[in-house]
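Chemist:
Residue numbers (the numbering used here): 1226 to 1568.
1. Around the C-beta of residue 1260, are 16 or more other C-beta atoms found within 10 angstroms, so that it is buried, or is it exposed?
2. Buried or exposed: where does residue 1257 fall if 16 or more other Cβ atoms within 10 Å of its Cβ makes it buried?
3. Where residue 1254 and residue 1444 are concerned, what is the direct C-alpha to C-alpha distance, given to the nearest angstrom?
4. One question on the structure: do residue 1292 and residue 1519 come within less than 8 Å of each other, judged by their Cβ atoms?
5. Span of the alpha helix (DSSP H) holding residue 1449?
6. Measure from the alpha carbon of residue 1486 to the alpha carbon of each residue in 1472, 1499, 1287, 1498, then state which is nearest.
7. For residue 1305, does the count of other Cβ atoms within 10 angstroms reach 16, so buried, or fall short, so exposed?
8. Using the DSSP secondary-structure output, state which residues sit across from residue 1267 in a beta bridge.
9. In terms of alpha-carbon separation, which member of 1496, 1551, 1287, 1542 lies closest to residue 1387?
10. Less than 7 Å between C-beta atoms, sequence neighbours within five positions excluded: which residues of the same chain meet that for residue 1570?
11. As an exercise, report each continuous alpha helix (DSSP H) stretch of at least 4 residues that is fully enclosed by the stretch 1513-1538, in chain order.
12. Alpha carbon to alpha carbon, how far is residue 1324 from residue 1390? Give it in angstroms, no decimals.
13. Taking 8 Å as the cut-off, does the stretch 1437-1452 touch the stretch 1544-1559 (at least 3 CB pairs, one atom from each stretch)?
14. Short check: CB of residue 1522 to CB of residue 1419, under 8 Å?
15. So, with DSSP's three-state summary, where would you put residue 1477?
16. Let me make sure I understand the geometry here. Which of 1450, 1410, 1501 has the alpha-carbon closest to that of residue 1543?
17. Just to confirm, are residue 1524 and residue 1426 a CB contact at a threshold of 8 Å?
18. My guess is that residue 1462 and residue 1498 are in contact by the Cβ rule of under 8 Å, so how many angstroms apart are they, rounded?
19. Quick one: measure Cβ to Cβ for residue 1383 and residue 1263, integer angstroms, because I've assumed they're closer than 8 Å.
20. Sort 1532, 1516, 1561 by Cα distance to residue 1374 and report the nearest one.
21. Starting from residue 1338 and walking both ways along the beta strand (DSSP E), at which residues does that stretch end?
22. Return the CA-CA distance between residue 1275 and residue 1353, expressed in angstroms with no decimal places.
23. Could you give the first and the last residue of the continuous alpha helix (DSSP H) run that contains residue 1364?
24. Can you give me the C-alpha to C-alpha distance between residue 1359 and residue 1347, rounded to a whole angstrom?
25. Report the three-state DSSP secondary structure of residue 1253 (helix, strand or coil).
26. Mapping the DSSP letters down to three states, classify residue 1554 as helix, strand or coil.
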């Protein structure tokens, strides 16, 4: 089953590009795309000095520059060459990420690479290539979800630019994207996709709160928080459904019984989302639930940890980084919720 929709579009990241020069046909494909982007970078400072720069682009790049400086001074995020240059990609999204899950599993099919470890998706710079890859997996019985992405992170291995696709969103989302991407350079736990993505999202949210509060944008902050609350209500419905399906798939029921119960569960989920006026794009399936879990499942635990640390972001960063050396820390920050028989 194949679904293609930009759920939470700005948040999907093609971090596999960090390993692109190391091995395999797909990483060579990613390498060529990454190097093509690198070759087109234009320093933002230089662009802002040009008298003929489009006024709208000037305003967006100026906003991005101010948010970038705030990330360093107020959020202790890396002060490096990332997001100090600009690239016009000339396409609506930066990449298209393919999530796959078996017919009777809510766990994603993993793609494993050096440096970053295993990730829950495979990224493509061309939507046609993504659809072909998804179709091949669909013929093998997988549920598929294609998630367009506004940006990706190379985890600091390259000087990542601000992309034209990032500027297609409003100012608040642009700042949030910058904070999220830079957070990946602070901490990435190889092989623990859920923890790594949830960490970046928590930094994104906290950073956006502080950015809007500093700029006296109380109205925008309230609107953004209200929108995030609605989004989280939808996420909780999706994660609850995922938990029920995980138990169902581990029950040992017959294939026919599993298919029938799966259809009933997704019909109920669709009705619950509609009742809350949520409208997730595409088809609800295991792959979509796996994608949502990758980014949202571990957020509550990490938010509690940040509160426990009194909002001390450097201490929070150090805690999450320690999970790369201590599996027990990773398990505490992002507990494995699969049924025991599947662990």
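For every residue, glycine included, the Cβ atom is placed at its ideal position computed from N, Cα and C. Note that this is a predicted model, so its numbers are computed, not measured.
Modeler: This is what the structure gives:
1. Residue 1260 comes out exposed.
2. Exposed: under 16 other Cβ atoms inside 10 Å.
3. Rounded to whole angstroms, the separation of the alpha carbons of residue 1444 and residue 1254 is 44 Å.
4. No, these two residues do not count as a Cβ contact at 8 Å.
5. Element bounds for residue 1449: 1443-1474.
6. 1472 is the residue among 1472, 1499, 1287, 1498 whose C-alpha sits nearest the C-alpha of residue 1486.
7. The residue in question, residue 1305, is exposed, as its Cβ has fewer than 16 Cβ neighbours within 10 Å.
8. The partner list for residue 1267 (beta bridge, DSSP) reads 1311.
9. Relative to the Cα of residue 1387, the nearest Cα in the group 1496, 1551, 1287, 1542 belongs to 1287.
10. Look at the range of the chain in this structure, 1226 to 1568, and you will see that residue 1570 is not part of it.
11. You should have 1524-1533.
12. When rounded, the distance between both Cα atoms is 21 Å.
13. With the rule of 3 Cβ pairs closer than 8 Å, the stretch 1544-1559 does not count as touching the stretch 1437-1452.
14. In this structure, residue 1419 lies closer than 8 Å to residue 1522 by Cβ.
15. Three-state result, residue 1477: coil.
16. The shortest C-alpha separation from residue 1543 is found at 1410.
17. Taking 8 Å as the Cβ cut-off, residue 1524 and residue 1426 qualify as a contacting pair.
18. Right, the Cβ-Cβ distance comes to about 6 Å (below 8 Å), so this counts as a contact.
19. The distance from the Cβ of residue 1383 to that of residue 1263 is about 6 Å, consistent with a contact at the 8 Å cut-off.
20. The residue with the shortest Cα to Cα distance from residue 1374 is 1516.
21. Residue range 1336-1338 is occupied by the beta strand (DSSP E) that includes residue 1338.
22. Here the C-alpha atom of residue 1275 lies approximately 36 Å from the C-alpha atom of residue 1353.
23. Run containing residue 1364: 1352-1364, per the alpha helix (DSSP H) assignment.
24. Taken atom to atom, the span from the alpha-carbon of residue 1359 to that of residue 1347 is near 10 Å.
25. Helix, per DSSP.
26. Helix, per DSSP.
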